[in-house]
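Have a look at the structure below before the remarks.
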Amino acid sequence: MPNMSERFMVVPVAHAEESAFGDEPDGDSVFDAGAGEERRGSVPILRYSREPNKYGDGNPRESSPFINNADDDKGTLYDGKNMALFEEEMDSNPMVSSLLNKLANYTNLTQGVREHEEADEDEGAKKQTVKSPQMGTFIGVYLPCLQNILGVILFLRMTWIVGTAGILESFIIVSMCCSCTMLTAISMSAIATNGVVPAGGSYYMISRSLGPEFGGAVGLCFYLGTTFAGAMYILGTIEIFLTYIVPSAAIFKAEEKAEEADALLNNMRVYGTCCLTLMALVVFVGVKYVNKLALVFLACVVLSILAIYAGVIKTIFESPVFPVCLLGNRTLQNHGFDKCMKTEIIDNVTVTTKLWSLFCKGPELNASCNEYFTINNVTEIQGIPGLTSGVISENMWGSYGPAGMLVEKAMPSVPASDSSQDKLMPYVVNDITAFFTLLVGIYFPSVTGIMAGSNRSGDLRDAQRSIPIGTILAIATTTIIYLSCVVMFGACIEGVLLRDKFGDSVKGNLVIGTLSWPSPWVIVIGSFFSCCGAGLQSLTGAPRLLQAIARDGIVPFLEVFGHGKANGEPTWALLLTAVICESGILIASLDAVAPILSMFFLMCYLFVNLACALQTLLRTPNWRPRFRYYHWTLSFLGMSLCLALMFISSWYYALVAMLIAGCIYKYIEYRGAEKEWGDGIRGLSLNAARYALIRLEEAPPHTKNWRPQLLVLLNLDSELSVKHPRLLSFTTQLKAGKGLTIVGSVLEGTFLSRESDAKRAEQSIKSAMAAEKTKGFCHVVVSSNLRDGFSHLIQSAGLGGMKHNSVLMAWPASWRQSSDPQSWKNFIETVRETTAAHQALLVAKNVDSFPHQERLAEGTIDVWWIVHDGGLLMLLPFLLQQHKVWRKCKMRIFTVAQLDDNSIQMKKDLQMFLYHLRLNAEVEVVEMHDSDISAFTYEKTLVMEQRSQMLKQMHLSRTEREREAQLIHDRNTASHAALNDKADVSPERVHMTWTKDKFCTERNRNREPSANMAVRDLFSMKPEWESLNQSNVRCMHTAIKLNEVVANKSQGAHLVLLNMPGPPKNRGGDENYMEFLEVLMEGLNRVLLVRGGGREVITIYS
């Protein structure tokens, strides 16, 4: 099998000497053009790059050897005016004529096992001769497939399968398995002819069609299948050696008949381990010998098949003499006797035979004998009656049975009353329990090997023509051979001999060998060398497959197996292969190992069919196979057949194989490197996403399905790093991986000038998202100013029904110190735009103090429900509590009662409302009556307005502005200290419960003839207070009063959620609005301001 871990790169013929072992240009493509060192006029050809992980760096783009690679043409001047319009493009993109010239000179020479050995022999020689691949369809595909498909099962188990299942059922088994491989070959041909398939064969095809997760899972299954196939071939080799060539070489010998099976298994383990060690050494030391002997092994297979056909034809004229001895209707093991008779007459004296001694306690005629032996006669029948004997009618139906069942011919016999001693007698018995599904599992490995042609794609002159023709012809040929063998065996061989798995009834001859011509030894020797060769090829191919997977970098813990000897030989992979192969040999039974590798091969074939069907149905633009005789229905039929055969063969093995593949898939998905191979699964995801998005857009989501789909607005520093990464932590805790998260940011400038910055910013945000475990999408916009950029994000982020409905941002904490008022103006404009877009807004204050991933101790999340916002205030704490960080926190809901409210009834109603919402929370109603506006409020408002006016009217420098702000701050502090000395100015104490009496008293007191509070307050005003905007005074009063109550109740809360008041309609009051919010949140640590999106987001209905 060629090295599956190789890729091509361009080297000029003129410079092959320098480049063959020198430094290689970096690249991440399957083709990597090293044109920077080429001379103009040199002919570029492909050679393999052996650098590990060369093409597995996970860069999510598909580069080309022709685009962005015009160094060859750097010296060429386009003097003509015909192409002047395209002069800019010519620096990076070649002319069509130049492209076609390069394409015409491309080839895809493989540098596999053979070249590695040549590199060894050259011992550091720098010269590397590059040959063009010359293999045609017959030599390159047809014969390797034939050699791989025909093998151990045909020689060792085919006759037994025909005898046990009968001709009809055997025909069904062979037809099912061959149909499965034929359909798979059609799918494989379509994939193999859809572009160049480098060495790597089936793994490369599946991984590039179904993506790294499926590719890795199926690639490893295919590797395990190939490894267990090696174990099966070695066990077959040892079975032929110990049973048919040198039975006396057995180390463990059975004292009694019951111990024979165990002795055979132990012999298989010992000899199998020795054989595996020897083969592994051969592969390690000199793979070239395996390749040179391939032709010899193929000749053995072909000669053996021809010998079978010759023997069948010969039986028409003369049947070979292989008598089978029957006692009654029972078949006898023909080991301890030479004549099939109880007694014989020698010199007119009747004497007993060796057969008599096996059933009687002595050679005497009056000795005590086995009852069944006494009452039944011994008959001798012909083991190979011949093609014209009519035995085909007897072998038409199956003869299944449990282990230990006697192999009997359908003829009359006298039953014995006591059958307890039968198991000690030399009868031929079933060694295992036989049933139809078991036979399917044992037979299927004999049709595997169809990938041999695609694995050699690099050696073919025209792979896209040879692979389909050669593979399909090889499968058709082997199908005809198998089906004809089923019929010929059933028509030529006696049924009891067919069911005799090890040929005990014909003196230990190989059953299929008894039929061959000119001698049984042709088949025995041929099958022995065939199994040896197949085992060596499995041990050669499997490590290279593992090396290809390891070098792709998709399974991190396998990367060590990508390394090997200096010439690229996979040493570590060979070691692992030998260890796994040894586990198969320790099972020791060919019949037990065969279903295991059947599972892995069937899973591989299943995914080949799936890949073809998927690509066809998705109509991927790149899906243009040259092989036209395929259809997605055939691929689905093949896939269904593979799945059916898996569960028919062994349902528990099938589940284990699927579990292994599933675990590998999830592991690669969780830990593996990111790959973009243009695979079909990605195309399927895109189609599914498109369908889902179209369905989502048909109607807005129901309240029951509403969840915050977040647009997170991030600010970046001058180094393009995320300023507030805890905002992403909070997003993760709020979302818990559910719903949509779009993380957006804006860069100031033009896209043309800041394109690279935008990419860097995107990578920076993605790194921060990965660190904070935030799952979502990243969107960086370059805009002429920040305000427009954030506006664009709010308007256009998302797609179809997958649009955000909530915006999360950090509170601009340093807005007062900022020299540029645009920072807080942008914030207020964002608030206005989210309101206009009917989106919810979440603003986090002190976001850097929010928890990261550490779990919070028991505490509270306090919700201050001032106005109804659709229920978002109550939904958010519930969502946070689902995350482990906030799980121990309890929710408390505070609501404010006004003068006209009955606070007791309010509390009852709110508790009932929360009960219907299925939310667990403590409820508290806080009463706030209209107290007098304090002098502190006036003073705070005055300072706010004076600062605002100063900044508007004076164009101060930054230092002067800071000095002015400091003066205002000092005066504010002095006023505040003076006012604190006056007890009569402090606000009235807040009552905690409204009763009917208090309600009436307050109402009457407020009806005094003093018009209103504002008029009463005028008497205590300072002169400078008279000019204040009364609206600002009232807003400031609300902020101060509410802040006092919230700070009093929620000072120790882990998080405080507050209704966010809307910005003023008049933009002139924007700075005042920022002051109001600052006062509202003063003294609180973690605050989340929440502004609803204008729709109900929580419901009491199911």
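Sequential numbering of the sequence shown, starting at 101, is according to the numbering used here.
Glycine is no exception: its CB is placed at the ideal position from the N, C-alpha and C atoms.
Could you name the residues of the same chain whose beta carbon sits closer than 6 angstroms to that of residue i, not counting the 5 residues immediately before and after it, in chain order?
{"i": "GLY428", "result": "ASN476 and SER513"}
{"i": "LEU646", "result": "TYR323, PHE661 and ALA673"}
{"i": "LYS1007", "result": "VAL1023 and VAL1025"}
{"i": "THR874", "result": "LEU828, THR831 and THR832"}
{"i": "LEU973", "result": "VAL963, TRP965, LEU1157 and VAL1190"}
{"i": "PHE628", "result": "ILE340"}
Please classify residue i: does DSSP put it in a helix, a strand, or coil?
{"i": "HIS1016", "result": "helix"}
{"i": "CYS440", "result": "coil"}
{"i": "GLY900", "result": "coil"}
{"i": "ASN153", "result": "Bear in mind that the predicted position of ASN153 carries a pLDDT of just 41, short of 50, making it unreliable; the figure below should be weighed with that in mind. Three-state result, ASN153: coil."}
{"i": "ARG1191", "result": "strand"}
{"i": "SER520", "result": "coil"}
{"i": "ASP562", "result": "coil"}
{"i": "PHE589", "result": "helix"}
{"i": "LEU378", "result": "helix"}
{"i": "MET739", "result": "helix"}
{"i": "VAL262", "result": "helix"}
{"i": "THR960", "result": "strand"}
{"i": "THR850", "result": "coil"}
{"i": "MET909", "result": "strand"}
{"i": "LYS607", "result": "coil"}
Who are the near neighbours of residue i in its chain, counting only those whose CB is closer than 7 angstroms to its CB and skipping five residues on each side?
{"i": "THR264", "result": "GLY498, SER499, TYR500, ALA534, LEU539 and ARG599"}
{"i": "LYS454", "result": "GLY436, PHE437 and ASP438"}
Using the Cα positions of residue i and residue j, report the straight-line distance between them to the nearest angstrom.
{"i": "LEU342", "j": "GLY570", "result": "36 angstroms"}
{"i": "ALA516", "j": "PRO463", "result": "22 angstroms"}
{"i": "SER270", "j": "ILE249", "result": "18 angstroms"}
{"i": "TYR409", "j": "ASN709", "result": "34 angstroms"}
{"i": "CYS1135", "j": "PHE890", "result": "28 angstroms"}
{"i": "GLY266", "j": "LEU686", "result": "31 angstroms"}
{"i": "GLN981", "j": "CYS989", "result": "7 angstroms"}
{"i": "CYS592", "j": "CYS469", "result": "35 angstroms"}
{"i": "VAL370", "j": "ALA361", "result": "15 angstroms"}
{"i": "LEU743", "j": "THR579", "result": "21 angstroms"}
{"i": "THR281", "j": "ALA331", "result": "22 angstroms"}
{"i": "LEU676", "j": "ILE416", "result": "51 angstroms"}
{"i": "GLN953", "j": "MET869", "result": "13 angstroms"}
{"i": "SER914", "j": "LEU658", "result": "51 angstroms"}
Under the rule that 16 or more other beta-carbon atoms within 10 Å means buried, what is residue i, buried or exposed?
{"i": "CYS374", "result": "exposed"}
{"i": "CYS763", "result": "exposed"}
{"i": "HIS824", "result": "buried"}
{"i": "PRO695", "result": "buried"}
{"i": "PRO725", "result": "buried"}
{"i": "GLU339", "result": "buried"}
{"i": "ASN722", "result": "exposed"}
{"i": "GLU313", "result": "buried"}
{"i": "PRO618", "result": "exposed"}
{"i": "GLN715", "result": "buried"}
{"i": "MET235", "result": "buried"}
{"i": "ASN885", "result": "exposed"}
{"i": "ALA510", "result": "exposed"}
{"i": "ARG257", "result": "buried"}
{"i": "HIS802", "result": "exposed"}
{"i": "ILE756", "result": "Rather than Ile, the amino acid found at residue 756 in this sequence is Val. Classification of VAL756: exposed, given that the 10 Å Cβ count is below 16."}
{"i": "LEU976", "result": "buried"}
{"i": "GLN637", "result": "buried"}
Among the residues of its own chain, which have a CB less than 8 angstroms from the CB of residue i, if the five just before and after it don't count?
{"i": "MET465", "result": "Sequence inspection shows Leu at residue 465; the Met mentioned does not correspond to that position. Closer than 8 angstroms at Cβ, skipping near neighbours: THR443, THR450 and THR452."}
{"i": "PRO347", "result": "GLY608"}
{"i": "PHE978", "result": "MET991 and LEU1019"}
- Identify every run of the alpha helix (DSSP H) within the segment 966-1004, keeping only runs that are complete inside it and at least 4 residues long; order them along the chain. Every alpha helix (DSSP H) of 4 residues or more that sits fully in the segment 966-1004 is shown, in chain order, as 972-981.
- Whole alpha helix (DSSP H) runs in the segment 446-531 with 4 or more residues, listed along the chain? Listed in chain order, they are 454-459 and 471-475.
- Task: Please specify which runs of the alpha helix (DSSP H), each continuous and at least 4 residues long, are wholly inside the segment 596-683, giving them in chain order.
- Result: Runs of the alpha helix (DSSP H) lying entirely within the segment 596-683, each at least 4 residues long, are 611-615 and 620-652 in chain order.
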